[in-house]
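A.B. asks: Chains as they are written, first to last, in my numbering: chain A, 48 to 296; chain B, 5 to 309.
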Amino acid sequence: MKIEAKNVNFYYGQDHILKGISMGIKKNTVTALIGPSGCGKSTFLRLFNRMNDLIEGARLEGEILIEGVNIYSEKVNVNELRKTVGMVFQKPNPFPKSIFENVAYGLKVNGIKNKAYIEEKVEQSLRQAALWEEVKDKLKKSAFALSGGQQQRLCIARALAVEPSILLMDEPASALDPISSIKVEELIYSLKNTYTIIIVTHNMQQASRTSDKTAFFYMGELVEYDDTRTLFTNPKKERTQNYITGRFG
Amino acid sequence: MTKMVATKRRKLRKRIKLKYYNKVKYFEFQDKAFKVFAIACTLFGISVLLALLVHVFSTGLGRIDWDFMTDGPSRKASSAGIYTAWIGTLWILVLTAVIAFPIGVGAAIYLEEYNKKSKLTNFLEINIANLAGVPSIIYGLLGLELFSRMLHLGQSLLTGALTLSLLILPVIIVSTREALRTVPYSIREGSYALGASKWQTIWNQVLPASMSGIFTGVILALSRAVGETAPLIVIGALSYIRQPPSGILDSFTVLPIQIFDWVSRPQKEFSVNAAAAIIILLSITFIMNGVAVYLRHRWQKKVKW
Numbered sequence: 048m049k050i051e052a053k054n055v056n057f058y059y060g061q062d063h064i065l066k067g068i069s070m071g072i073k074k075n076t077v078t079a080l081i082g083p084s085g086c087g088k089s090t091f092l093r094l095f096n097r098m099n100d101l102i103e104g105a106r107l108e109g110e111i112l113i114e115g116v117n118i119y120s121e122k123v124n125v126n127e128l129r130k131t132v133g134m135v136f137q138k139p140n141p142f143p144k145s146i147f148e149n150v151a152y153g154l155k156v157n158g159i160k161n162k163a164y165i166e167e168k169v170e171q172s173l174r175q176a177a178l179w180e181e182v183k184d185k186l187k188k189s190a191f192a193l194s195g196g197q198q199q200r201l202c203i204a205r206a207l208a209v210e211p212s213i214l215l216m217d218e219p220a221s222a223l224d225p226i227s228s229i230k231v232e233e234l235i236y237s238l239k240n241t242y243t244i245i246i247v248t249h250n251m252q253q254a255s256r257t258s259d260k261t262a263f264f265y266m267g268e269l270v271e272y273d274d275t276r277t278l279f280t281n282p283k284k285e286r287t288q289n290y291i292t293g294r295f296g
Numbered sequence: 005m006t007k008m009v010a011t012k013r014r015k016l017r018k019r020i021k022l023k024y025y026n027k028v029k030y031f032e033f034q035d036k037a038f039k040v041f042a043i044a045c046t047l048f049g050i051s052v053l054l055a056l057l058v059h060v061f062s063t064g065l066g067r068i069d070w071d072f073m074t075d076g077p078s079r080k081a082s083s084a085g086i087y088t089a090w091i092g093t094l095w096i097l098v099l100t101a102v103i104a105f106p107i108g109v110g111a112a113i114y115l116e117e118y119n120k121k122s123k124l125t126n127f128l129e130i131n132i133a134n135l136a137g138v139p140s141i142i143y144g145l146l147g148l149e150l151f152s153r154m155l156h157l158g159q160s161l162l163t164g165a166l167t168l169s170l171l172i173l174p175v176i177i178v179s180t181r182e183a184l185r186t187v188p189y190s191i192r193e194g195s196y197a198l199g200a201s202k203w204q205t206i207w208n209q210v211l212p213a214s215m216s217g218i219f220t221g222v223i224l225a226l227s228r229a230v231g232e233t234a235p236l237i238v239i240g241a242l243s244y245i246r247q248p249p250s251g252i253l254d255s256f257t258v259l260p261i262q263i264f265d266w267v268s269r270p271q272k273e274f275s276v277n278a279a280a281a282i283i284i285l286l287s288i289t290f291i292m293n294g295v296a297v298y299l300r301h302r303w304q305k306k307v308k309w
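1. Check distances from the C-beta atoms of the segment 182-203 of chain B to those of chain A and list, in chain order, the residues that come in under 7 Å.
2. Across which residues does DSSP place A:L41 in a beta bridge pair?
3. Between B:N208 and chain A, is the shortest Cβ-Cβ distance under 8 Å, so that the two count as touching?
4. Please report the Cβ distance between A:M48 and A:K88, rounded to the nearest whole angstrom; I am assuming they are in contact, meaning their Cβ atoms lie under 8 Å.
5. For B:G240, which residues from the same chain have a beta carbon less than 6 Å from its beta carbon, with the 5 sequence-adjacent residues on both sides left out?
6. Give a yes or no on whether the minimum CB-CB distance between B:K123 and chain A is below 8 Å.
7. Can you pull the chain B neighbours of A:M134, defined as C-beta to C-beta under 8 Å?
8. Below 7 Å, is the gap between the Cβ of B:G147 and the nearest heavy atom of the ligand COA?
9. Which residues in the same chain as A:Q22 place their Cβ atom closer than 6 Å to its Cβ, once the five residues preceding and following it in sequence are excluded?
10. In angstroms with no decimal places, state the Cα-to-Cα distance between A:E218 and A:F95.
11. Does any residue of chain B bring its CB to less than 8 Å from the CB of A:K185?
12. Buried or exposed for A:R93, please, with buried defined as at least 16 other CB atoms from any protein chain shown within 10 angstroms of its CB.
13. Just the C-alpha distance for B:I176 and B:I218, rounded to the nearest angstrom, thanks.
14. Drop a sphere of 10 angstroms on the beta-carbon of A:P211, count the other beta-carbons inside from all chains shown, and report buried for 16 or more, exposed for fewer.
15. List the whole-angstrom C-beta distance separating A:E170 from A:W179, where the pair is believed to meet the contact cut-off of C-beta under 8 Å.
16. Taking buried to mean at least 16 other C-beta atoms within 10 Å of its own C-beta, is B:W303 buried or exposed?
17. Strictly below 9 Å CB to CB, what residues from chain A border B:K21?
18. Can you name the start and end residues of the alpha helix (DSSP H) that B:L94 belongs to?
19. Cutting at 7 Å between CB atoms, please list the residues of its own chain near B:A229, excluding the five before and the five after it.
20. Assuming A:L201 contacts A:A190 (C-beta within less than 8 Å), just tell me the rounded distance between them.
21. Just to confirm the assignment, what range does the alpha helix (DSSP H) spanning B:I237 have?
22. What is the DSSP secondary structure of A:N117, counted as helix, strand or coil?
23. Per the DSSP calculation, A:K260 is bridged to which residue(s)?
24. Who are the Cβ neighbours of A:I291 in its own chain at under 7 Å, not counting the five residues just before and after it?
25. Do three or more CB pairs link the segment 178-185 of chain B to the segment 244-252 of chain B at distances below 8 Å?
26. When the Cα atoms are used, what is the spatial distance from A:L238 to A:E121?
27. Does the count of Cβ pairs from the segment 259-272 of chain A and the segment 225-237 of chain A closer than 8 Å reach three?
28. Can you give me the Cβ contacts of A:H249 inside the same chain, cut-off strictly under 7 Å, excluding the 5 residues immediately before and after it?
29. Going along chain A in order, which residues have a C-beta closer than 7 Å to the C-beta of B:A213?
30. Taking only beta-carbon positions, decide if A:R200 is within less than 8 Å of chain B.
31. With respect to the alpha helix (DSSP H) encompassing B:T125, which residues constitute its N-terminal and C-terminal limits?
32. For the pair the segment 276-286 of chain B and the segment 53-72 of chain B, tell me if three or more CB-CB distances fall below 8 Å.
33. What residues in the segment 82-113 of chain A bring their beta carbon closer than 8 Å to a beta carbon of chain B?
34. Using the rule of at least 16 other Cβ atoms within 10 Å of the residue's Cβ for burial, across every protein chain shown, is B:M8 buried or exposed?
35. Which value, in whole angstroms, describes the spacing of the CA atoms of B:A136 and B:P174?
36. On the criterion of 16 or more Cβ atoms from any shown chain inside 10 Å, does B:W266 qualify as buried, or is it exposed?
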């Protein structure tokens, strides 16, 4: 198992957000987290790069292991962890800098100064994110000049540049138009060979198209976790059945 | 019977109509009256300022020439100049900026980025807001006691700059925090997610994105400091100084004090000098405000979230 959650309970102040969740994720797979709004799937995703640390009054019980190491133990440096666990957010959030600087930023905060290496890495990451052809002539231009879909692929390239082994995606296509959304999906598919991807999505089709495994969350509980095909064609729990057929949520 | 009812109704309807009509008339009047009132208020402000400017310029403009800028103080009005004063003002301006900018911005970064919400934070915030309202002469007294006497800095430029720094710190802190707050959380989140430390995030993302806002605030605060007279008089900045200061421990004078000194003299020629010095001082303030406006304008154009 690449990633393992062991009996995870999570609280914001008094609110019990995640209730006793255990699940394992294999290397180089895509795992989709689905469920109605407020079910805790985004919160769960943010546990893997300790993004929830930034919120005051958050408390975690249980363990999250990445390659056997509890990432919440004191020996683990958060900033180092976030370099191995990249993240893409729901709304594209490029930095107010040039396209080049956006991708190079992760390398710079890693202390890398070699210009040739940075240039090579920027090109490689943009190619991986299927954006290179569209932006190669305007790397010096502001990232804000790009369309929403391009911005999101830029954010993916930015995350890839630091060479993470895990990629967390929090509804990466929900703010995009259908065509950009398909492009991001294709991208996820092509990245599967190199990265372990966890994706939160509201879109059933997207989950079934892109993922190997799907986890259905409801009210802070992990209701069902299975192979995507099995979960969508032959769910074991009635709640899952109702949700994926659109009867609620 | 029915006829009577009908006429009654018609009368009633008419009355209501009339009443309503009167109301509409009244609202229209109210609308116009308020507009006239607002225009009058604006005109009052502008005309007073204009009168002041016209008076000052007509009195002082002819007095400004190269000699006026390069002459030191003199007992004779015609040979007195503002050389020591404007050099002193420049020194004070630069020194105050050098002292107040890092301290103010540093404090704002701490309060906005590092500090967690607590009772102490609230206490600090309320007090910073209050400090902005403390009369400047009280800062002067503080500077006299703390810098001039306790730290033995005397009546030096450093004492003056430190005192003025204290005076404008609250303004810088408040405006810097506002500028920092305009940077959306998603930018910080994006930076943290790439493994950047808090300091790297602040230095590489938050500060560059809010820099022009910070500069605008600092410049406006400095242009206030340039016009301050009271605290500098309290700490003992002299008006009769033969040589402009050459180091931060020299004694000094500034334009406002020179103006204050000249207008308090009985000879009419000195008030002409004062008017000329006022024009110079106003120009410095206008230029600084202009730069601030320009920065704000450019900033709004450049950064769209």
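Cβ coordinates follow ideal geometry from the N, Cα and C atoms, glycine included.
C.D. replies: Quick look at the numbers:
1. S190, I191, E193, G194, Y196, A197, L198, G199, A200, S201
2. Chain A is shown from 48 up to 296; residue 41 of chain A falls before or after that span and cannot be answered.
3. Here the question's residue 208 of chain B lines up with position 204 in the second sequence. Yes - at least one Cβ of chain A is within 8 Å of the one on B:N208.
4. Along the first sequence, read from residue 1 onward, the residue named residue 48 of chain A stands at position 1. Along the first sequence, read from residue 1 onward, the residue named residue 88 of chain A stands at position 41. Incorrect: roughly 20 Å between the Cβ atoms, too far for contact.
5. As a first step, residue 240 of chain B is located in the second sequence; it is residue number 236 there, counting from the start. These residues qualify, in order along the chain: Q159.
6. For this step, residue 123 of chain B is matched to residue 119 along the second sequence. For B:K123, the answer is no, since every Cβ of chain A falls outside 8 Å of its Cβ.
7. Numbered from 1 along the first sequence, position 87 holds the residue referred to as residue 134 of chain A. Here the neighbours are A197.
8. Ligands are entirely absent from the displayed structure, and the ligand COA is therefore not among its contents.
9. Any property of residue 22 of chain A remains undetermined from this structure, which presents chain A solely from 48 to 296.
10. In the first sequence, the residue the question calls residue 218 of chain A occupies position 171. In the first sequence, the residue the question calls residue 95 of chain A occupies position 48. One C-alpha to the other measures close to 16 Å.
11. Against the first sequence, residue 185 of chain A aligns to sequence position 138. With a threshold of 8 Å between beta carbons, A:K185 makes no contact with chain B.
12. As a first step, residue 93 of chain A must be located in the first sequence, where it is residue number 46. By the neighbour-count rule (16 or more Cβ atoms within 10 Å), A:R93 is buried.
13. In the second sequence, the residue the question calls residue 176 of chain B occupies position 172. In the second sequence, the residue the question calls residue 218 of chain B occupies position 214. C-alpha separation (whole angstroms): 8 Å.
14. As a first step, residue 211 of chain A is located in the first sequence; it is residue number 164 there, counting from the start. The residue in question, A:P211, is buried, as its Cβ has 16 or more Cβ neighbours within 10 Å.
15. Along the first sequence, read from residue 1 onward, the residue named residue 170 of chain A stands at position 123. Along the first sequence, read from residue 1 onward, the residue named residue 179 of chain A stands at position 132. That pair is a contact at about 6 Å.
16. Within the second sequence, numbered from 1, the residue matching residue 303 of chain B stands at position 299. Around the beta carbon of B:W303, a 10 Å sphere encloses 16 or more other beta carbons of the protein chains shown; the residue is thus reported as buried.
17. In the second sequence, counting from the first residue as 1, residue 21 of chain B sits at position 17. Per Cβ cutoff of 9 Å: no residues; B:K21 is ~54 Å from chain A at best.
18. Position 90 of the second sequence, counting from 1, holds the residue named residue 94 of chain B. Its alpha helix (DSSP H) spans residues 87-113.
19. The residue labelled residue 229 of chain B in the question sits at position 225 within the second sequence. Answer for B:A229: T100, L168, L171, I172, listed in chain order.
20. Residue mapping note: residue 201 of chain A aligns to position 154 of the first sequence, counting from 1. Residue mapping note: residue 190 of chain A aligns to position 143 of the first sequence, counting from 1. Correct: roughly 6 Å between the Cβ atoms.
21. Residue 237 of chain B sits at position 233 when you count from the first residue of the second sequence. Where B:I237 is concerned, the enclosing alpha helix (DSSP H) stretches over 234-238.
22. As a working note, residue 117 of chain A is residue 70 in the first sequence. Three-state result, A:N117: strand.
23. Numbered from its first residue, the first sequence carries residue 260 of chain A at position 213. Beta-bridge pairing links A:K260 to A:T78, A:D274.
24. By one-based count along the first sequence, residue 291 of chain A stands at place 244. Cβ neighbours of A:I291 beyond the five flanking positions: M251, F279, P282.
25. Counting Cβ pairs under 8 Å, fewer than three are found: no touch.
26. As a first step, residue 238 of chain A is located in the first sequence; it is residue number 191 there, counting from the start. As a first step, residue 121 of chain A is located in the first sequence; it is residue number 74 there, counting from the start. Spanning the two alpha carbons is a distance of roughly 31 Å.
27. no
28. Working through the first sequence from its first residue, we reach residue 249 of chain A at position 202. E218, S221, listed in sequence order.
29. For this step, residue 213 of chain B is matched to residue 209 along the second sequence. Here the neighbours are P143.
30. Reading the first sequence from its first residue, position 153 is the one you call residue 200 of chain A. By this cut-off, A:R200 is not an interface position.
31. Numbered from its first residue, the second sequence carries residue 125 of chain B at position 121. It spans 123-135 - the alpha helix (DSSP H) in which B:T125 sits, taken as one unbroken run.
32. yes
33. N96, M98, L101, E103
34. Reading the second sequence from its first residue, position 4 is the one you call residue 8 of chain B. It counts as exposed.
35. Looking up residue 136 of chain B in the second sequence gives position 132. Looking up residue 174 of chain B in the second sequence gives position 170. When rounded, the distance between both Cα atoms is 5 Å.
36. What you label residue 266 of chain B is simply residue 262 of the second sequence in a count that begins at 1. So B:W266 counts as buried.
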